[in-house]
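Which chain is which? The protein sequence lines are A and B, in order. Using this note's numbering, read the first sequence as starting at 1 and increasing by one per residue. Using this note's numbering, read the second sequence as starting at 159 and increasing by one per residue. By construction, the Cβ of each residue, glycine as well, lies at the ideal position given by its N, Cα and C atoms. As the structure is a computational prediction, the values presented were derived from the model and not from experiment. Scroll down for the structure; my scribbles are underneath it.
There are 2 protein chains.
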Amino acid sequence: MKISAQEEYGLRCLLELARARDGQVMTVREIAGKEALSSAYVEKLLRLLAKAGLVHSLRGLKGGYVLNRAPSQVTLGEVVRAIGQVPTTDHICTQFTGMQAECVHFSNCGIRSVWSGLTNYIQNFLDHATLESLLGDEYAVSNRLAHGLRQAHDPTRR
Amino acid sequence: MKISAQEEYGLRCLLELARARDGQVMTVREIAGKEALSSAYVEKLLRLLAKAGLVHSLRGLKGGYVLNRAPSQVTLGEVVRAIGQVPTTDHICTQFTGMQAECVHFSNCGIRSVWSGLTNYIQNFLDHATLESLLGDEYAVSNRLAHGLRQAHDPTRR
DNA sequence: CGAATACTTGACAACTTAGTCGTGTTTCTG
DNA sequence: CAGAAACACGACTAAGTTGTCAAGTATTCG
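In structure tokens, the structure reads:
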């Protein structure tokens, strides 16, 4: 259970774009500089994000990357799903099969319930945080997160 | 963001032990058979669990593994922490540093808040599910999980 | 004792993920 | 049009995870 490097750095790059004033383009070099990452790596990450439709690229001189939507319209869930391989509920028990073609507990699996419960639980968290909610200083972000979760963290409530 | 294979299979092995009647020892071979995994692999996983104090091993003929505590006294959180490298809050921003010795946003980091919030959120889920709650059939497990979470999933409430 | 059973340990090969590099393509500017 | 700035892409190296193997140690039982 861990956050992958791509997810971490991809989100950072996206946040740099979100901080750019009114849809200003930023070059890979600028972003790399601000995040102390190599340009080559930032490029790779941005291409992933572009493929997922979260950012848009402009080629040529004066080119660069821009956020495709307002920061308030992009959820962390989308970012993580775009960049990392997030296991969806149906990967469970087809991904882990041991030595047989099908999960040993296919018809009655105690693990599946927890894993899919956990997966949903996490998605719920991520889907309620937007890029915008991560802007501003750290203290403010913590507060917003705690507040957002108090309202929205219960996957079982209607 | 994903569940590692070790976490998955380690939990499965532990559940097999939890299903054994009144602390009956089970051999690696038996567990491997029931979960359709190789004996070598199950051995490795059980050693990890033993190192963490979750199971106890008995050597020699008639040896095997036993759960160290009652299933109701073992939380998923412990299992996952024993087996996988769960990032704690203080790994964040020391693990991901880019090209500098210290995180670029050390003093004011928008990412840290989310990541640590997410980490706590997940731990909260895992710490409220016990091995016992995963026994029984899948339908019952789902219900118990939903029920448990409704009471205990809010890290911000006191 | 000695043979069989079962855990113990560390090394290792296969695979996946992380991060880099070189070369190519597009666009702007003079 | 030529050169510079910037993205595009695929191949490649390095590092970390998975899963296996072989040789070793402890325990039981005849």
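Rank 233/B, 179/B, 246/B by C-alpha distance to the C-alpha of residue 291/B and give the top, closest one.
As a position in the second sequence, residue 291/B is number 133, starting the count at 1. Nearest of 233/B, 179/B, 246/B to residue 291/B, Cα basis: 233/B.
Can you find a CB in chain B that lies within less than 7 Å of the CB of residue 37/A?
In the first sequence, residue 37/A corresponds to position 37, counting from 1. Yes - at least one Cβ of chain B is within 7 Å of the one on residue 37/A.
Need the endpoints of the alpha helix (DSSP H) that residue 213/B sits in, please.
The count along the second sequence starts at 1 and reaches residue 213/B at position 55. No alpha helix (DSSP H) contains residue 213/B, which is instead part of the beta strand (DSSP E) from 213-216.
For residue 212/B and residue 231/B, the rounded distance between their alpha carbons
Position 73 of the second sequence, counting from 1, holds the residue named residue 231/B. Position 54 of the second sequence, counting from 1, holds the residue named residue 212/B. The alpha-carbon atoms of residue 231/B and residue 212/B are separated by roughly 10 Å.
Residue-chain proximity (residue 267/B, chain A), Cβ-Cβ < 7 Å:
Stepping through the second sequence from its first residue, residue 267/B is reached at position 109. Judged by the 7 Å Cβ criterion, residue 267/B is in contact with chain A.
Can you pull the chain B neighbours of residue 62/A, defined as C-beta to C-beta under 8 Å?
Numbered from 1 along the first sequence, position 62 holds the residue referred to as residue 62/A. Per Cβ cutoff of 8 Å: no residues; residue 62/A is ~26 Å from chain B at best.
Listed by chain order, chain B residues near residue 22/A by CB distance under 7 Å
Position 22 of the first sequence holds residue 22/A. Within 7 Å Cβ-Cβ: nothing; residue 22/A doesn't reach chain B, min ~19 Å.
Across the segment 223-230 of chain B and the segment 166-185 of chain B, are there enough close Cβ pairs to call them in contact, namely three or more that are closer than 8 Å?
yes
Straight-line CA distance for residue 147/A to residue 279/B?
For the purposes of this step, residue 147/A is taken as residue 147 along the first sequence, with counting starting at 1. For the purposes of this step, residue 279/B is taken as residue 121 along the second sequence, with counting starting at 1. Taking the straight line joining both Cα atoms gives about 13 Å.
Where does residue 293/B fall in DSSP's three states?
Mapped onto the second sequence, residue 293/B falls at position 135. Residue state, collapsed to three classes: coil.
So with Cβ pairs under 7 Å, would you call residue 125/A a contact of chain B?
Within the first sequence, the letter at position 125 stands for residue 125/A. Closer than 7 Å to some Cβ of chain B, the Cβ of residue 125/A qualifies, so yes.
Determine which residues share a DSSP beta bridge with residue 27/A and list them.
Reading the first sequence from its first residue, position 27 is the one you call residue 27/A. Note: residue 27/A sits in no beta bridge, so no partner.
So with Cβ pairs under 7 Å, would you call residue 161/B a contact of chain A?
Along the second sequence, read from residue 1 onward, the residue named residue 161/B stands at position 3. Yes, because at least one Cβ of chain A sits closer than 7 Å to the Cβ of residue 161/B.
So residue 222/B is in the beta strand (DSSP E); what residue range does that whole segment cover?
Here residue 222/B corresponds to residue number 64 of the second sequence, with the count starting at 1. Taken as a continuous stretch (DSSP letters only), the beta strand (DSSP E) holding residue 222/B covers 222-225.
Looking at the C-beta of residue 309/B, does it have a partner C-beta in chain A at a distance below 7 Å?
The count along the second sequence starts at 1 and reaches residue 309/B at position 151. Note that residue 309/B scores 49 on pLDDT, short of 50, meaning its location in the model is unreliable; the coordinates nonetheless yield the value given after this. No, its Cβ sits nowhere closer than 7 Å to a Cβ of chain A.
Give the residues of chain A in contact with residue 230/B, contact being defined as C-beta atoms less than 7 Å apart.
Translated into the one-based positions of the second sequence, residue 230/B becomes position 72. Within 7 Å Cβ-Cβ: nothing; residue 230/B doesn't reach chain A, min ~15 Å.
If residue 1/A and residue 162/B are in contact, beta carbons under 8 Å, what's the gap, nearest whole angstrom?
In the first sequence, the residue the question calls residue 1/A occupies position 1. In the second sequence, the residue the question calls residue 162/B occupies position 4. Their Cβ separation, rounded to whole angstroms, is 7 Å, which keeps residue 1/A and residue 162/B in contact under 8 Å.
With DSSP run on the structure shown, which of helix, strand or coil describes residue 277/B?
Counting from one through the second sequence, the residue named residue 277/B turns up at place 119. Note: residue 277/B maps to helix in three-state DSSP.
Can you pull the DSSP bridge partners for residue 75/A?
Counting from one through the first sequence, the residue named residue 75/A turns up at place 75. 130/A, per the DSSP bridge assignment.
Closest Cβ-Cβ distance between residue 100/A and chain B: below 7 Å?
Start at 1 with the first residue of the first sequence, and residue 100/A comes out as number 100. It does; some Cβ of chain B falls within 7 Å.
Please confirm whether residue 279/B has its beta-carbon closer than 7 Å to some beta-carbon of chain A.
Taking the first residue of the second sequence as 1, we reach residue 279/B at position 121. True, the Cβ-Cβ gap to chain A drops below 7 Å.
Is it buried or exposed, residue 311/B, if we count other Cβ atoms within 10 angstroms and call 16 or more buried?
In the second sequence, residue 311/B corresponds to position 153, counting from 1. Any reading at residue 311/B must be qualified, since the residue scores a pLDDT of 44, below 50, and its modelled position is unreliable; the value itself is stated next. It is buried - the Cβ of residue 311/B has at least 16 other Cβ atoms within 10 Å.
Report all residues from its chain with a CB closer than 6 Å to the CB of residue 270/B; omit the five preceding and five following residues, and keep chain order.
Taking the first residue of the second sequence as position 1, residue 270/B is located at position 112. For residue 270/B, where only same-chain residues beyond five positions count, the Cβ hits under 6 Å are 250, 251.
Output, in sequence order along the chain, the residues in the segment 238-258 of chain B whose CB is closer than 7 Å to any CB in chain A.
238, 242, 243, 244, 245, 254, 256, 257, 258
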